Amino acid sequence: MITLYQFRHSAFCLKVRMALHAKKIPYRIEEVKPGIGQIEIFQISGQKQLPVIKDDNDQIISDSSNICEYIDNKYESNKLFPEDPMLLAQSKLIEDWADTTMASTCKKVLIKSALENPRLRSALVPDDFPSSIKGVIDKLPFNNVSKLSNIVLSNKSNIDLQNILEALSKSLINKEFLIGDTLSIADISIAAQLSLLKFPTSSGPILAGEGCQEFINNPYLENIFQWRDNLEELIFSAKSQKI
Ligand SMILES: N[C@@H](CCC(=O)N[C@@H](CS)C(=O)NCC(=O)O)C(=O)O
């Protein structure tokens, strides 16, 4: 059985979980501790980032795009990469944008939001942290450094991201999927990165619905967050294959 090494709230790890569920591939999760846990990841994969999977023949694959392509080639069910060349090109272009520009801006948006919002900050602390420490983090005076967050995130990147997401949101009003008529890697890649702007149900009750108020309260993005929620339900509601 496949083992997925992951950080619980990483958008790239969510992308791989969504792909595994969409293809109905059974898997088990190994939660990795940031820092110390990455030593083992480096030893098995030659790099320290997650997600990484170990296949049932002990083959190790890193990088969410490599993993998704690998499982899509290996398992025939519910193909995530379209066969049609134009649809394939479009879905890979969207995946690449989601994994790079979108991912990097969403991460900065989340850091900015966490600096400004104590509730989000403490919700992001790992579940196994003692509540006394969570309480301290909650009260740290981050307000004074919140001006820093404008340096972290440029206004242009923020506006560019909102504009593209608003356009996607509009295009999804009467459409279930971004490319063609079936679920593809494009849908999964965008939905996974959206989790950093507004955490989905699958992030658990403490984080679900939390995120960046500027994006959450943007009425033009309401549809894309609804689309993401529907997609998660479609993918995760089938009998779970996570062991
Ligand atoms: N291109 C990689 C990016 C993976 C990535 O950025 N992973 C982050 C977690 S979201 C990570 O492992 N960060 C820890 C580190 O860089 O040490 C992919 O698609 O998997």
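For what it's worth, this note's numbering labels the leading residue of the sequence shown as 413, then goes sequentially. Ideal placement from N, C-alpha and C gives every residue a C-beta, glycine not left out. These figures come from a predicted structure and were not determined experimentally.
*Identity of the residues DSSP links to glycine 623 by a beta bridge*: Lys610
_Separation of asparagine 485 from lysine 435, as counted between CA atoms_ = 11 Å
*Return helix, strand or coil for isoleucine 600, following the three-state DSSP convention.*
helix
_Close beta carbons around glutamate 481, own chain, < 6 Å, minus the five adjacent residues each side_ = none
*If you compare alpha carbons, which of Arg420, Phe419, Leu492 is closest to serine 596?*
Leu492
*Go ahead and pull the three-state DSSP assignment for threonine 415.*
strand
*asked:* Strictly by DSSP, which residues pair up with tyrosine 443?
replied: The question names tyrosine, but residue 443 is glutamate in the sequence shown. Glutamate 443 is bridged to Gln418.
*asked:* For ligand 1, is there any heavy atom lying closer than 6 Å to the beta carbon of lysine 460?
replied: yes
_Nearest by alpha-carbon distance to glycine 447: which of Ile571, Phe419, Leu590 is it?_
Phe419
_Three-state secondary structure (DSSP) of lysine 435_ = coil
*With distances taken from CA atoms, which of Ala501, Pro463, Arg440 is nearest glycine 592?*
Ala501
*Kindly identify the DSSP beta-bridge partner or partners of lysine 466.*
Thr415, Ile472
*phenylalanine 424 CB to nearest heavy atom of ligand 1 below 6 Å*: yes
*Same chain, Cβ closer than 6 Å to isoleucine 647, five either side skipped, listed in chain order*: Met430, His433, Ala434
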